[in-house]
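*Asks:*
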Amino acid sequence: MLRLGRRSARWLSGRLRFMADQRATLVNVKVKWVKDRPLDWVVSRERHLRPAIHLVHLISSQPRGRATLRDLALCRRHFALPHANIAAFLRRFPTVFRESADPGGTDDPWFSLSDDALRLRRMEIGTLADAEQDLVDRLRRLLMLTADRSLPLHAVDHLRWDMGLPSDYQLSFVPRHPDFFELVRRPGDERIWLKLVSWDPGLAVSELRKSASSADGDCLAFPVSFTRGFGLKKKCVAWLREWQTLPYTSPYADASSLDSRTDVSEKRIVGVFHELLHLTIAKKTRRRNVSNLRKPLGLPFKFTKVFERHPGIFYLSQKLATETVVLREAYDGSELLIKHPLQGIREKYLALLMASQQERTKGDLKKEIEVAGHTGSEL
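For the sequence shown, the positions run 58 to 436 when our numbering is used.
(1) Alpha carbons only, please: which of ARG366, ASP128, LEU210, GLN375 is nearest the one belonging to GLU247?
(2) What's the gap between the Cα of LEU59 and the Cα of LYS340?
(3) Return the CA-CA distance between LEU350 and PHE360, expressed in angstroms with no decimal places.
(4) Pull the bridge partners of TYR388 from the DSSP assignment, please.
(5) PRO258 by DSSP, collapsed to three states: which one?
(6) Check ALA144 in the structure and name its three-state DSSP category.
(7) Have a look at LEU289 and THR379 and give me their C-alpha separation to the nearest angstrom.
(8) Is it a yes or a no for the region 300 to 320 touching the region 261 to 269, going by three-plus beta-carbon pairs under 8 Å?
(9) Can you tell which of GLN375, GLU189, GLU365, VAL281 has the C-alpha that lies nearest to the C-alpha of ARG343?
(10) Taking all protein chains shown into account, do 16 or more other C-beta atoms lie within 10 angstroms of the C-beta of ARG403, making it buried, or fewer, making it exposed?
(11) For LEU437 versus CYS132, is the C-beta distance shorter than 9 Å?
(12) VAL281 to ASP311, Cα distance in whole Å?
(13) Label LYS324 either buried or exposed according to how many other C-beta atoms from any shown protein chain fall within 10 Å of its C-beta, with 16 as the threshold for buried.
(14) LEU336 and ARG198: beta carbons closer than 9 Å?
(15) Kindly identify the DSSP beta-bridge partner or partners of ALA124.
(16) Closer than 8 Å: is that where the CB of PRO166 sits relative to any heavy atom of the ligand ZN?
(17) If you check the beta carbons only, do VAL383 and VAL86 fall under 9 Å apart?
(18) In angstroms, rounded to a whole number, what distance separates the CA positions of ALA212 and GLY161?
(19) Between which residues of its own chain and VAL327 is the CB-CB distance below 7 Å, once the five residues before and five after are set aside?
(20) Would you report the Cα separation of VAL113 and ARG417, rounded to the nearest angstrom?
(21) Kindly indicate which three-state DSSP category VAL100 falls into: helix, strand or coil?
(22) Looking at C-alpha atoms only, which residue of SER313, ILE143, VAL91, LEU147 is the closest neighbour of GLN414?
(23) Within this structure, are the beta carbons of THR152 and LEU407 separated by less than 9 Å?
(24) Starting from PRO368, trace the beta strand (DSSP E) in both directions and tell me its first and last residue.
(25) Just to confirm my understanding: we take PHE283, look at its own chain, exclude 5 residues before and 5 after, and list those with CB closer than 6 Å. What are they?
(26) Residues in its own chain within less than 8 Å of GLU156 by CB, not counting five upstream and five downstream?
(27) Measuring straight from C-alpha to C-alpha, what distance separates GLU181 and ALA124?
(28) Taking buried to mean at least 16 other C-beta atoms within 10 Å of its own C-beta, is LEU240 buried or exposed?
(29) Where do the N-terminal and C-terminal ends of the beta strand (DSSP E) with ARG351 fall, by residue?
(30) Name, in chain order, the residues that DSSP records as bridge partners for LEU210.
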């Protein structure tokens, strides 16, 4: 009869429990999608924000702080404008962009920034400088999530805006931190990759682990909340309760031994995206931004299905003709619970854009009153 020492017995017991967990197949549950109006508003209100800020950056970078319409139109593909007419977009927001005639007499107008937009741009530059170490750590943690500690630049570009990285991060931000990052090429690959130079165990602690108590052990549960009026079937409630008690695998740990057909593996995938969304400054990103991260993150096919299967953790907004993944726990209604300084700057830009809309509404109302008065006098 084989006798085991106490340490060997504990190891075997833990291994058997792990194997039992691994044998638990992925439970097939279907959870309906329910609209969340406050979180939809979080997404839809930024319709014009990103292209407007890109234009602010471009105009402010010009030697005289102004640019011709023709020059701006040449860069149009970088702005992701919601419509083709860049002139109409600029004129739509007079509280941000100021138009003037070309001193040379051509019909190509010049655009500069309003005084409020200039002040806000200076605040943004200062905030970026103050937040640089935080942004460096976010980028390091993103690379630490990957299997070989590197990502092609185009994959980082897709997440750049959401992570708050400066638009020229490749040329300014990365070279300033050679102890953390390097740009490399791989044999047979034309793409440029961003590689992590050194691993930092102090950063390899997930947000879920930080917020957990020591009594939780390895079976950490994700914060869950649902849209008002959302009803889960009893089968789904029972499955979710059991799923929450499964072992939690750190998104920074090697998970190559996990069977992708199990709920334990799915919990690891949820953990990866829970952490990734925490790396963004508004706790959201477009679904397509993460669709090309399957191989770098070591994920199975159809890995984004976790967004539909776990609507209490993630909300999939379908606004702006795309799908945006929002981390529910980060919001109280439409308000971020913890606001990054750069997100605060973006909200100031939003307020400036909305001021243009309010002025336009007042102007339309004034015209209606004038027309009504003129019609009344004729009667």
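C-beta atoms are modelled at their ideal positions from N, C-alpha and C, and glycine is treated no differently.
*Replies:* The short version:
(1) It is LEU210.
(2) Since pLDDT at LEU59 reaches only 39, below the 50 mark, its modelled position is unreliable, and the value read off the structure follows with that caveat. So the alpha carbons of these two residues sit roughly 53 Å apart.
(3) When rounded, the distance between both Cα atoms is 10 Å.
(4) Note: TYR388 sits in a beta bridge opposite LEU393.
(5) Per DSSP, reduced to three states, the secondary structure at PRO258 is coil, with no helix or strand assignment.
(6) Looking at ALA144 - three-state DSSP - the assignment turns out to be helix.
(7) Between the C-alpha atoms of LEU289 and THR379 there is a straight-line separation of about 26 Å.
(8) Taking 8 Å as the limit for Cβ pairs, the verdict is that the region 261 to 269 does touch the region 300 to 320.
(9) Of the candidates GLN375, GLU189, GLU365, VAL281, GLN375 places its Cα closest to the Cα of ARG343.
(10) ARG403 is classed as buried because its beta carbon has at least 16 other beta carbons within 10 Å across all chains shown.
(11) For residue 437 there is no data in the structure shown, the boundaries of the chain being 58 and 436.
(12) Within the model, the alpha-carbon separation for VAL281 versus ASP311 is close to 26 Å.
(13) It is buried - the Cβ of LYS324 has at least 16 other Cβ atoms within 10 Å.
(14) In contact: LEU336 and ARG198 (Cβ atoms closer than 9 Å).
(15) ALA124 pairs with PHE168.
(16) This structure does not include the ligand ZN; it has no bound ligands of any sort.
(17) In this structure, VAL86 does not lie closer than 9 Å to VAL383 by Cβ.
(18) Taking the straight line joining both Cα atoms gives about 43 Å.
(19) Once the five neighbours on either side are set aside, the close Cβ partners of VAL327 are PHE279, VAL363, HIS367, ILE370.
(20) When only Cα atoms are considered, VAL113 and ARG417 end up about 21 Å apart.
(21) Note: VAL100 maps to helix in three-state DSSP.
(22) Out of SER313, ILE143, VAL91, LEU147, the CA that lies nearest to the CA of GLN414 is found in LEU147.
(23) Inclusion of THR152 and LEU407 in the CB contact set at 9 Å is not warranted, their separation being larger than that value.
(24) Element bounds for PRO368: n/a, residue is neither H nor E.
(25) Same-chain partners within the cutoff: GLY369.
(26) Excluding positions up to five away in sequence, the list reads LEU147, ARG148, PRO166, TRP167, PHE168.
(27) Rounded to the nearest whole angstrom, the C-alpha separation of GLU181 and ALA124 is 20 Å.
(28) The residue is exposed, with fewer than 16 neighbouring Cβ atoms inside 10 Å.
(29) It is not in any beta strand (DSSP E) - ARG351 instead sits in the alpha helix (DSSP H) that spans 351 to 354.
(30) Secondary-structure assignment with DSSP links LEU210 through no beta bridge to anything.
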